[in-house]
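What follows is one structure encoded as structure tokens, with my remarks underneath.
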Amino acid sequence: MKQNSLKALLLVLLLQGAGCESVLEENVYSELTPGNFLNTTTGKQAVLTSAYGNLQMRGHYYLFLSGHTSQEVWNQGGSIEALLTPLTNFTWDSNHQYFNQAWGELYASIRDANIVIDNTSAADASALDKQLNAEARFVRAVAYNHLYDWFGPVPLYLTSTPDEFRLARATDEEMKSFIEKELLEVAAILPLSQAQYGRATKGAAMGILAKFYLNTKQWQKTADMTKQIMDLNKYSLVPNYKNVFALANEGNAEMLWVIPASAQAGHNLVALTFPTDYPLPQPNQQVFAARSYFFDNFVNSFGPGDTRKNLIVTEYTNTSGKYTKLLGINQSLSGKYEFDPNAAGAVQGNDIPVVRYADILLARAEALNELNGPTQEAIDLINKVRTRAGAAPLTLGNFTKETLRDHILQEREWEFYTEMKRREDLIRHGKFISNAKAKGKNAQPFHVLFPLPITELNANANLEQNTGY
Amino acid sequence: MKQLLHRASGLGLILTVILMGQQPGFAQSVAMARNLQEVPQQATKAASLKLKDVLNDLKNLYQVDILFELKVVDGLTAPANSINKSQDLEKNLERLLKPSGLQYKKVNKSSYLITETRKTTNKAEADARFQEGTTETDEKALGGTSRRGVTADGRNLNAPGISAAVERNVTGTVRDEAGASLPGVSVVLKGTQRGTTTDADGKFSLAVPDNGATLIFSFVGYAPQEVPVGNQSVLDIRMQSDERALEELVVVGYGTQKKSDLTGSVSSLRDKDFNPGANASVDQMMLGRSAGVQINQTSSEPGGGVSIRIRGANSLNAGSEPLYVIDGLPIDNGSLLSASSGGAGTGTNNNPRNPLNSINPNDIASIEILKDASATAIYGSRGANGVILITTKKGNKGKIGVNYDFNTGIQTVPNKLDVLNTSQYIQFMNDLAKDEGKAPVFTAADIAQIGAGTDWQDQVYQKAPLNSHNISVSGGDDKTTFFSSLNYFNQEGVVKRSGIKKYIARVNLERKLGERAVIGVNINTSLVKDANSIDGVNNNENAGPINSALLYDPTEPIFAGDGRFSQSKNLTINNPVSLIEGLSSTNATNRTMGSIFVKYTILPGLDAKLNFGSDRQTSRRDLFNSTKTLNGLSAKGIANIATLERSNVLMEYTMNYNRQLNEKSTLNLLGGVTYQYFNNRSFSGIIRGFPSDALSTNNLGLGDTNLDNLFSGQEDNSILSYLSRVNYTLNDKYLFTASLRADGSSRFGANNKFGYFPSVALGWRLSEEGFLPSFFYDLKLRASWGLTGNQEINNYASLTTYTTGATAVFNNAVNVGTRPSRIANPDLKWESTEQTNIGIDASILQGRISATVDYFIKNTRDMLIDLPLPRATGFNSILSNVGKMQNKGVEVMLTSTNVKKGQFSWSTTLNFAAIRNKITDLGDVTNIITGSIESIGPTSIVTVGYPAFSYYGYEVTGLFQQGDNIAGSAQPGSKPGYPIFRDVNGDNKITPLDQQIIGNPFPDFTFGISNNVTYKRFQLDFFFQGQQGADMLNINVLESMYPNNARRNRITEQVLDRWTPQNPTAKWPSGVQPTAYGAGKVTTLALQDASYIRLRNLSVGYNLPVEKLKFIQSARVYVVGQNLATFTNYIGFDPEANAFGRSNVRVDYNGYPLARTWMLGVNVGF
């Protein structure tokens, strides 16, 4: 009897199986599931933070795509020499990892922004949701603006649930009107200032838009937008040029939009500038073998008394006590971003300006010159920037429209070195290619745009490469 | 023909296939089958049954071997219903045999011999029997052994008898290994038909001629022995159990099978097939020994990672590693912690420690490698990459045996990588400066001051000792058997501060509960301590000592004037010695795996088995980057503690039914359900900013809490499976196997949780047919087809979840964001591999030469691919079921006994495999370009028509020469001495569109040749292993060609044969301004032929003459050499290494030097 029931049990066990299908359900422990998470403010906020994070390009590409292609600096040493030499020599190709990084990171920012936008767009959205929505739209527009600058018109992914994964490029007109419309609309919604420095504000949206107008040579709109920014009465020049960039003075009145950094989440710009035998102020700082140098003719071009030159390192005594004069051998270094006392190794926390008030003033001066030729207003705007630096003021009578245009380009070089402005300025002035050719580079007209990453072309049959590549 | 010995064999406790004793010839089998049909009739007619049939029933019921001479039981009967199932076997035997004047003797755990009760066998009668020529023993029952033994050598019916020579009588006793007397052993005078058998006390007596006679002793299950009589008159013979007979039984999924009944392709490795010497892990024991099983040590460091490919790379993005099943427990072979995952001022090391380090190689009795679908489909969704079944040693009934093994050895780096020495380096730096139009780097005064400089490789490599102790105790009685062992293994690495220490203990226990139930426990527990080699895929400050030693400036001193480590001002690589001394990464892993089973015999032939198992490991890594290193200094010390807990639980219930349909036909049915649950938990904490290096990782609280990073995670997954199999053997000639497994895995999309994996196979034993010439000793054809799956993807791959996103800085503070981790794919399903296999097993010349040849085609479909998405979607890829891949190939195993003469024998085993891998479909995608490493960018491509992960890059067609039209070329900015890249699309520009497939990571063929020579007490084994036709991309070569910094050291060949105007035919570019000539490009210059032949093992052993000693059963001393010679053109340490670990994307970067090892060992059995 006992045996029979045991046998029956064993057979039943086999037939029944040890469990049922519910054991195959997945329990997710250390990641969040979208359902409830995206209904909460903290959830949306967290995704928006990631959108901002991806937009805060602290990678090498942002730092070097302008400086090296525009021949603002030249470089030597380090593993990134292999990446920088093609940029300097105009031999870059669609495999260059910086293009991939720029593309991937900005579109990751767009992905995150789209998620926030899709989850905050309800007609009856709360005030907070509306602000998150505006911030996300700002982030997305800024990301597309960067992409447009580097690659020209790109595919516009505007929802987190696209029907089609493989979109074709937008037209130039679509691209431009999208950026303009979005920034105009969010500028009307965003607050003048945010509790957290580094988040989107009205001034940031207006500043980015003003620079977009400038770089697309929409002179009247540039003039108007820069005027509106001045009329906000929020921004002003910091009295001392050096303090614009000082770690202690971050978030100063000159900054409309920056790439914020801290020692925990920063960039390697300084480490990639100074040589390994440079006496570091503190042992927690670290530099790489890669160096970026200014040419002597740039360093020597500053006028007398121009304190902007003082941030350029032209000589040093190395750790072995050996004196080296850098000026004269085309090896002067940018000291615009000081060594961060809190640095964790090579990573430093200096904020990098994207749009600052001096840029707004010079943009307006440039637009006014293009619209009306030299005017006292334009000269005054330039002189505001010059006098702050201790440089002699300009006189209206000395300029024609053309010479003032050239002077503004020169002024911008003195004012904005190591601020990733030179490439866009040269392109706008039509000198990007000729400038490189003058340095013996094999530059071609198509080089004003970078190639789309080859991996992207491989993954999207609907994409067309920029001509020339 | 009559049978002298009739073997009725059932196979012990865990064995599932029952073999029936048999009579040769097809007709008789048919007659037997007819008889069976008549059984009911007979049973009603007769009150008694033939004794031999009753014995057969007993054999079936109790699953033991019952051996008897047919003659002894001939004509004897037993009453019907004489078997009393409630009594044990021995009581039944006693009752049955006594009335007939017979007795039984228990030969071993599961074999009984029936003999007559008479004290001595009538010699004359026995002799007469031999002379009738009827001494042929059942060859099947002997598992073919007899063909090599007595019947082959001793019984030639036409041989002349020994004529009128002077004769004398020889007597003696035959005993088994344990010293117990063996009755029934056949004793034959070599070259004659004269012979006898031993009596119940194992004694014999035989008249032999007085002129150098030789006696041949043979017995079922024991190796035949030839003994020259000489002038002895009393012989004491010890029979050794026959390895070959034991080998006949092969472990298969959820059971065992007789090798001759196999329909699948299974490689079975035993003690003699394993690589000799101190093997740190199981995989090293079998490296190179089985055709079609490619075992790559992806890192040669002690305890380093290993990657196994059975019949090729089977998957692109899901795992390609086989499933390991140890004593029925599928273990977790998932990655353990590696030396570093980056983030603590070190590079990322992709070579996690070998998870098999926790198993003691000395415990292993056999390894079965299941290769075709007939063998693997029973493992369903985990079978596609092949299955490795590991069976550990069990105890035997009888005297307690103790075995102690000790070995000790020394390892060296046989060949350093040839980089410039100090004077070559100085010369080159000055030459290069001159070529670049610069002032010399070193002045005469500098050179005088530098002196000999430093050979950095000498500073980081060492002669490294290794030693191991292993002790095992085994034994048992009628009810209980046990095996237990302890292992201590300590191997230092040839790179300083690397190594492994292991402590492993095992207990295997089995106990009978009554007559029907058996309970068993297998437990293995281990502590493995690793000192990791930290070289990974990163360079510069994040590189480890190997990379740094290759690149560090040889003119630099080790120490600066202040006694601290000097750090070159010209380089941003660490002083290699400062890395050795200043950066440590150690792991401690506790792992316990074990199972408890209960087996219950419900009816004769019907067993139920309940198996519970668990495999649990806890691993902790301590990494400390002190202020002696560049990164450590700037961070004021970085400490990282990482823990990983992996555990799983198995619950399994199977039923097995065996039915002997007739003497030659059997049916075996298997059904079962099994459930396994896996759970992983991890934690990692990194903190910087310590006031001192002194406390290492022992007080993280001392770090700067503003500079910390914390990570933790938990995952689980489960598999629920239903399995079934039928094996049917008809007339011992026709074999049929079919299986079906239904697997449900939590990892797949809600719409596709379950997958179904069937297989069928047929076998035909041609050698059993009468028409085959006797030239064939054995010949079997096999054919199989089946479907297996692969579920080795990450957990949650079908779901969208949110994980840690990008970090934003607001108010100068870090804010961690959240991002979607992937795009959901609810349709995600099984990757399936359909495999067809055709095989032949043949042996000729009485088994002296045997061969197994298999041809297979594996088609993998619905491949689990990370399908590239436009990154503009915000995702790199979506895991999808797309595309097809094919592996097809031929495997050959050849075994030959070349010489066997007296006390000299020489045998050779050869394995060979040629496997072709090809992508046959990729859906909408044209190609997938992947495998980025450092600043080199992608290295590999997946595209239709080519092997997976073919090397992808630029072809260098030569170097620009002076006078070439460089301005008009596709590389207008070049200079003489720069490499010329092939302009594949002819647009007179070099763009990424000019990349092409430049190499194949898979070998054309792989092979292993082992030779075994024995002479008297000496044994010599040597084993060559190699591959032909594989390419390998060597990143170190690329790095030397495009140094990140001109002051780095270079590979000598690249400098000595670099282009200069005086050396226009150079192979390597000029070295002048290398970043201008293609840095960051993968080129054919860095692609190398990875073919090699290696003398992997050489061992010499000597069995000490301890037969006279009472306390010692056996003693052996041996010397083993490993990796003694490698014949290759490859620049680098090891063409098998892979910086990407187990990935199918293969590159060599900073490989750990393959050590040459010499070991001395002693093995003593008590």
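Protein sequences appear in the order of chains A and B. Sequential numbering from 2 applies to the first sequence in our numbering. Sequential numbering from 3 applies to the second sequence in our numbering. No residue lacks a Cβ here, since even glycine has one placed at the ideal position from N, Cα and C.
| query | Name the chain A residues that come within less than 8 Å of serine 630/B, Cβ to Cβ? | reply | Reading the second sequence from its first residue, position 628 is the one you call residue 630/B. According to the sequence provided, residue 630/B is lysine. The question's serine does not apply to it. Near lysine 630/B there are no residues of chain A at all, since even the closest Cβ is about 13 Å away, more than 8 Å.
| Given a limit of 9 Å on CB to CB distance, which residues of the segment 48-74 of chain A reach chain B? | Val48, Leu49, Thr50, Ser51, Ala52, Tyr53, Gly54, Asn55, Leu56, Gln57, Arg59
| Min CB distance arginine 200/A to chain B below 9 Å | Against the first sequence, residue 200/A aligns to sequence position 199. Chain B, which has a Cβ nearer than 9 Å to the Cβ of arginine 200/A, makes this yes.
| message | Is there a Cβ of chain A sitting closer than 9 Å to that of proline 870/B, yes or no? | response | Here the question's residue 870/B lines up with position 868 in the second sequence. Output row for proline 870/B: interface = yes.
| Can you list, in chain order, the residues of its chain whose CB lies under 6 Å from that of lysine 385/A, leaving out five sequence neighbours each side? | Within the first sequence, numbered from 1, the residue matching residue 385/A stands at position 384. Result list for lysine 385/A: Leu362, in chain order.
| query | In the structure shown, what three-state DSSP assignment does tyrosine 677/B receive? | reply | To locate residue 677/B, count along the second sequence from 1; it is residue 675. Strand.
| Top-ranked residue by Cα proximity to glycine 204/B, from Asp275/B, Gly403/B, Pro304/B, Val189/B | Here residue 204/B refers to the residue found at position 202 when the second sequence is read from its first residue. The shortest Cα separation from glycine 204/B among Asp275/B, Gly403/B, Pro304/B, Val189/B belongs to Val189/B.
| request: Would you kindly check if the distance between the Cβ of phenylalanine 685/B and the Cβ of alanine 644/B is under 9 Å? | output: The residue given as residue 644/B occupies position 642 in the second sequence. The residue given as residue 685/B occupies position 683 in the second sequence. Yes, they are a contact pair.
| field | For glycine 400/B, the residue or residues it bridges with in DSSP | value | Reading the second sequence from its first residue, position 398 is the one you call residue 400/B. The partner list for glycine 400/B (beta bridge, DSSP) reads Gly478/B.
| said: Check for me: the alpha helix (DSSP H) holding glutamate 434/B runs from which residue to which? | reply: Numbered from its first residue, the second sequence carries residue 434/B at position 432. Sequence inspection shows leucine at residue 434/B; the glutamate mentioned does not correspond to that position. It spans 424-437 - the alpha helix (DSSP H) in which leucine 434/B sits, taken as one unbroken run.
| At which residues does the alpha helix (DSSP H) containing aspartate 448/B begin and terminate? | Here residue 448/B is taken as the residue at index 446 of the second sequence, counted from 1. Counting along the chain, the alpha helix (DSSP H) containing aspartate 448/B begins and ends at 446-452.
| field | For tryptophan 258/A, the three-state DSSP class (helix, strand or coil) | value | Numbered from its first residue, the first sequence carries residue 258/A at position 257. Correct three-state label for tryptophan 258/A: strand.
| query | To the nearest whole angstrom, what separates the beta carbons of threonine 993/B and tyrosine 99/A, a pair I think is in contact under 8 Å? | reply | Mapped onto the second sequence, residue 993/B falls at position 991. Mapped onto the first sequence, residue 99/A falls at position 98. Rounded, the Cβ-Cβ distance is 16 Å, inconsistent with contact.
| said: DSSP three-state label for valine 1039/B, please. | reply: The count along the second sequence starts at 1 and reaches residue 1039/B at position 1037. In this structure, valine 1039/B counts as helix in the three-state DSSP scheme.
| request: Work out the CA separation of asparagine 244/A and alanine 254/A for me, nearest whole Å. | output: As a working mapping, residue 254/A is identified with position 253 in the first sequence. As a working mapping, residue 244/A is identified with position 243 in the first sequence. Cα to Cα, alanine 254/A sits roughly 11 Å from asparagine 244/A.
| task | Take isoleucine 1133/B as the anchor and find which of Tyr406/B, Gly77/B, Asp985/B, Val421/B has the nearest alpha-carbon. | result | Indexing the second sequence from 1 puts residue 1133/B at position 1131. Nearest of Tyr406/B, Gly77/B, Asp985/B, Val421/B to isoleucine 1133/B, Cα basis: Val421/B.
| said: 9 Å is my cut-off, CB to CB: does serine 748/B come that close to chain A? | reply: If you number the second sequence from 1, residue 748/B lands on position 746. Yes, its Cβ sits closer than 9 Å to a Cβ of chain A.
| task | Give me the Cα-Cα distance between leucine 635/B and alanine 551/B, rounded to the nearest whole angstrom. | result | By one-based count along the second sequence, residue 635/B stands at place 633. By one-based count along the second sequence, residue 551/B stands at place 549. Rounded to the nearest angstrom, the two C-alpha atoms are 20 Å apart.
| From this set, Lys192/B, Ala182/B, Gly193/B, Asp201/B, which residue's C-alpha is nearest threonine 173/B's C-alpha? | By 1-based counting over the second sequence, the position of residue 173/B is 171. Comparing Cα positions, the closest option is Asp201/B.
| Taking all protein chains shown into account, do 16 or more other C-beta atoms lie within 10 angstroms of the C-beta of leucine 129/A, making it buried, or fewer, making it exposed? | On the first sequence, position 128 is the one that residue 129/A refers to. Exposed.
| message | For glycine 1/A, would you say it is in contact with chain B, using Cβ-to-Cβ distances shorter than 9 Å as the test? | response | The requested residue 1/A does not occur in the structure, where chain A is confined to residues 2 to 470.
| message | Starting from phenylalanine 417/A, trace the alpha helix (DSSP H) in both directions and tell me its first and last residue. | response | What you label residue 417/A is simply residue 416 of the first sequence in a count that begins at 1. Where phenylalanine 417/A is concerned, the enclosing alpha helix (DSSP H) stretches over 402-417.
| In chain order, what residues of the same chain lie with their CB nearer than 6 Å to the CB of glutamate 893/B, ignoring the 5 residues before and after it? | Here residue 893/B corresponds to residue number 891 of the second sequence, with the count starting at 1. Answer for glutamate 893/B: Ala293, Gly294, Asp856, Ala915, listed in chain order.
| request: Quick one: list the residues of chain A neighbouring isoleucine 931/B, beta-carbon separation under 7 Å, in chain order. | output: Your numbering for residue 931/B matches position 929 in the second sequence. What isoleucine 931/B touches in chain A: Thr456, Asn459.
| said: Quick check: is the beta carbon of glycine 687/B nearer than 9 Å to any beta carbon in chain A? | reply: Here residue 687/B corresponds to residue number 685 of the second sequence, with the count starting at 1. Chain A contact via Cβ: absent.
| field | Buried versus exposed, by CB contacts within 10 Å (16 or more), glutamine 793/B | value | The count along the second sequence starts at 1 and reaches residue 793/B at position 791. Classification for glutamine 793/B: buried.
| task | Return the CA-CA distance between proline 226/B and glutamine 1115/B, expressed in angstroms with no decimal places. | result | Sequence index remark: in the second sequence, residue 226/B carries index 224 (1-based). Sequence index remark: in the second sequence, residue 1115/B carries index 1113 (1-based). The alpha-carbon atoms of proline 226/B and glutamine 1115/B are separated by roughly 20 Å.
| said: Runs of 4 residues minimum, wholly inside the segment 81-160 of chain A: which ones carry the alpha helix (DSSP H) assignment? | reply: 82-90, 98-119, 128-152
| said: With DSSP as the reference, identify every bridge partner of glutamate 512/B, one or two as the case may be. | reply: The residue labelled residue 512/B in the question sits at position 510 within the second sequence. Paired residue(s): Thr483/B, Gly522/B.
| Residues within the segment 97-110 of chain A neighbouring chain B, beta-carbon criterion of under 7 Å | Gln98, Trp104, Gly105, Tyr108, Ala109
| Roughly how many angstroms lie between the CA atoms of valine 187/B and threonine 199/B, to the nearest whole one? | Stepping through the second sequence from its first residue, residue 187/B is reached at position 185. Stepping through the second sequence from its first residue, residue 199/B is reached at position 197. Each residue's Cα considered, the two are about 5 Å apart.
| task | Quick one: which residues of the segment 112-133 of chain A get their C-beta closer than 8 Å to a C-beta of chain B? List them in chain order. | result | Arg112, Asp113, Asn115, Ile116
| Roughly how many whole angstroms lie between the Cα atoms of aspartate 480/B and lysine 401/B? | The residue given as residue 480/B occupies position 478 in the second sequence. The residue given as residue 401/B occupies position 399 in the second sequence. Roughly 12 Å between the two C-alpha positions.
| query | When you compare only the Cα positions, how much space is there between glutamine 197/A and glycine 546/B? | reply | Taking the first sequence and counting its residues from 1, the one referred to as residue 197/A is at position 196. Taking the second sequence and counting its residues from 1, the one referred to as residue 546/B is at position 544. If you take the alpha carbons of glutamine 197/A and glycine 546/B, they lie about 41 Å apart.
| query | Who are valine 816/B's beta bridge partners in DSSP? | reply | For the purposes of this step, residue 816/B is taken as the residue at position 814 of the second sequence. Partner(s): Val811/B.
| query | In the segment 159-172 of chain A, which residues sit with their C-beta less than 9 Å from some C-beta in chain B, listed in chain order? | reply | Ser161, Pro163, Phe166, Arg167, Leu168
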